[in-house]
Every structure is written in structure tokens, then in C-alpha cells.
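In this note's numbering, the protein residues as written are 29 to 159.
Below: the structure, in C-alpha cells.
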């Protein structure tokens, strides 16, 4: 087995799927603010601050119960407030103590996370890891 860093220098690409291209375009471009760099029958391609996001059309999609895409942010409260003002609804989970904005602080840690969904129900998150 090779121990060389085969993909260590390669740029990662993120993928999510959509059943509604128009809604996905509006959400990822207009709500989240990512630049659309390509629109083909195979994908909407966005630049997420240097990381490529490919939003691929599919006929059916079953929402997953786990986060598929997330962002580290400097100020989670300000980010959640801005996303809420833009129309995002933050998820609430039983057993997680979340504040009024929907932000959960990991027990024994300064890490904070809040979850929201895209128009297809893909679970997204923002996180602040603290000092």
C-alpha cells in the first residue's frame, strides 16, 4: 500500500443534488451568495470561496438525516441572523440545547453549530469553532 499523499494537493469538489434546478439556482446564488460559474444540463456549478460546488439534477431525491455540506464561519450568531433574514429556517432537534437562533453549543467545547436545509431538503450547517 502506498503512503504517498495521492490527493493531498488536489482541490476538493462538493456535490449536492436537486430535483428543482430553478429553486437550487435561486438558493445557492441569490440566498447564499455563491457565484454561478457554469450552467449545463449536467450541473449548476458554483464557486464557494475557491471550492467548487456542483449541484446535479436528479429525478428523485430522498433527504438525508445528516449534514451534507457545511461552512466554518467567524460569527455564527451574525451568520444565522443574516441567513434567517434571507429566508432560511433553522432546524431544531430534540435532545440538543439550542439557543433562540437555533445554535447548539457542543458540550465541553466552544464549538457551535446550526443546521438549515436547501430547497431539496439537503441538510446544511454553519459552524464556529471558537478559541
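Ideal Cβ placement from N, Cα and C applies to all residues, glycine included.
This structure is a prediction, so every number in the text was calculated from the model and none was measured.
Next item on the list: Please name the residue, chosen from 130, 90, 72 and 88, that lies closest to residue 82 on a Cα-to-Cα basis.
Entry: What you label residue 82 is simply residue 54 of the chain shown in a count that begins at 1. Of 130, 90, 72 and 88, the residue nearest in Cα terms is 72.
Next item on the list: Express the C-alpha separation of residue 148 and residue 48 in angstroms, rounding to a whole number.
Entry: Locating residue 48 in the chain shown gives position 20, where the first residue counts as 1. Locating residue 148 in the chain shown gives position 120, where the first residue counts as 1. Going from the Cα of residue 48 to the Cα of residue 148 covers about 7 Å.
Next item on the list: Quick one: give me the first and last residue of the alpha helix (DSSP H) that residue 63 is part of.
Entry: In the chain shown, the residue the question calls residue 63 occupies position 35. First-last for residue 63: 63 to 67, but that is the beta strand (DSSP E), not the alpha helix (DSSP H).
Next item on the list: Indicate whether the contact test is met: 3 or more Cβ pairs, each with one atom in the segment 113 to 130 and one in the segment 63 to 79, closer than 8 Å.
Entry: no
Check: Does the pairing of the segment 37 to 44 with the segment 75 to 92 give three or more beta-carbon distances under 8 Å?
Finding: Yes, the segment 37 to 44 is in contact with the segment 75 to 92.
Notebook entry, point to check: In chain order, what residues of the same chain have a beta carbon less than 6 Å from the beta carbon of residue 66, not counting five sequence neighbours either side?
Noted result: Along the chain shown, read from residue 1 onward, the residue named residue 66 stands at position 38. Counting only residues of its own chain and dropping the five nearest sequence neighbours on each side, residue 66 has a CB closer than 6 Å to the CB of 73.
Item checked: Inside the segment 67 to 91 only - beta strand (DSSP E) runs reaching at least 3 residues -> 72 to 76 and 79 to 85
Note to self: Looking at the secondary structure, which residues open and close the beta strand (DSSP E) in which residue 47 lies?
What the structure shows: The residue you call residue 47 lines up with position 19 of the chain shown. No beta strand (DSSP E) holds residue 47; DSSP gives it neither H nor E.
Checklist line | Per-residue DSSP class, three states only, for residue 97 | finding: Looking up residue 97 in the chain shown gives position 69. If DSSP states are grouped into helix, strand and coil, residue 97 belongs with the strands.
Notebook entry, point to check: Would you call residue 146 buried or exposed, if buried means 16 or more other Cβ atoms sit within 10 Å of its Cβ?
Noted result: Counted from its first residue, the chain shown places residue 146 at position 118. Result: buried.
Item checked: Limits of the alpha helix (DSSP H) - the one that residue 35 falls within -> Position 7 of the chain shown, counting from 1, holds the residue named residue 35. From DSSP, residue 35 is part of no alpha helix (DSSP H); its letter is neither H nor E.
Margin query: I'd like to know if residue 47 contacts chain D, where contact means its C-beta is closer than 9 Å to some C-beta of that chain.
Written below: Judged by its chain identifiers, the structure shown contains no chain D, having just a single protein chain.
Check: When the distance is taken between beta carbons, is residue 96 closer than 9 Å to residue 60?
Finding: Numbered from 1 along the chain shown, position 32 holds the residue referred to as residue 60. Numbered from 1 along the chain shown, position 68 holds the residue referred to as residue 96. In this structure, residue 96 does not lie closer than 9 Å to residue 60 by Cβ.
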